[in-house]
Amino acid sequence: MEEQDYSALVEMVSVRVTIDQLSTDFHIALNATILQVKQKIEKSLTYKVEMQSLSCSGQKLEDDRSLESYGFKQFLKLDLEFVRPNSAKFNIVLKFSDKESVLQVRATTAVASLRGKIERKWGIVYSYLILTHKNEAMSDKFSLAHYGVVENSEIEVVVMQVEAR
Numbered sequence: 046m047e048e049q050d051y052s053a054l055v056e057m058v059s060v061r062v063t064i065d066q067l068s069t070d071f072h073i074a075l076n077a078t079i080l081q082v083k084q085k086i087e088k089s090l091t092y093k094v095e096m097q098s099l100s101c102s103g104q105k106l107e108d109d110r111s112l113e114s115y116g117f118k119q120f121l122k123l124d125l126e127f128v129r130p131n132s133a134k135f136n137i138v139l140k141f142s143d144k145e146s147v148l149q150v151r152a153t154t155a156v157a158s159l160r161g162k163i164e165r166k167w168g169i170v171y172s173y174l175i176l177t178h179k180n181e182a183m184s185d186k187f188s189l190a191h192y193g194v195v196e197n198s199e200i201e202v203v204v205m206q207v208e209a210r
């Protein structure tokens, strides 16, 4: 018996998601849940699912509902909002060469601010520091929450070598 391709029967919707100056476009099945949309956003914009809030024309979209249940049809513009986690302080572990250090931060702490704290604590010039979490280089323009940093997360600290002139 020949296997049939039913993928053409699934109704698709074109989606544009925007947050500040960033946007991403993709196609997804109309029966996809909002959670599945968030997972697709995480892959393209690197915003963790748990840090996303989606809305359309001011209406907040719920994770367990499908796009179809909201009456969406062919093209959809969604607004992405970065949800600030609670602002309680917690400890992270900084790893540098053969030493470790525990530092208190908030999820909303900017990576740039963390680099400044490391500079003051260890005396390493801010601009020479590269921070990574789970093998992902961390950009100054994002907060620790953007990278999924939580209690006891490990941040690798790498110092760039500077050639003498």
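Last residue of the sequence shown: 210 (the working numbering), numbering continuous. Yeah, the Cβ is synthetic: ideal placement off N, Cα and C, and Gly gets one too.
Secondary structure remark: continuous beta strand (DSSP E) runs of at least 3 residues inside the region 89-141, in chain order: 97-101, 120-127, 134-141. A distance below 6 Å between beta-carbons, with the five flanking residues on each side excluded, links G193 to the following residues of its chain, in chain order: K93. K134 is positioned such that its CB atom lies no closer than 8 Å to that of E201. Buried is the label assigned to S188, since at least 16 other Cβ atoms lie within 10 Å of its Cβ. The alpha carbon of M205 has as its nearest neighbour, out of E107, E181, S184, S172, the alpha carbon of S172.
Boundaries for V156: no beta strand (DSSP E) harbours it, while the alpha helix (DSSP H) harbouring it runs 156-167, taken from the DSSP string. Only residues of its own chain outside the window of five on either side were considered, and among them I79, L80 have a CB closer than 6 Å to the CB of D108, listed in chain order.
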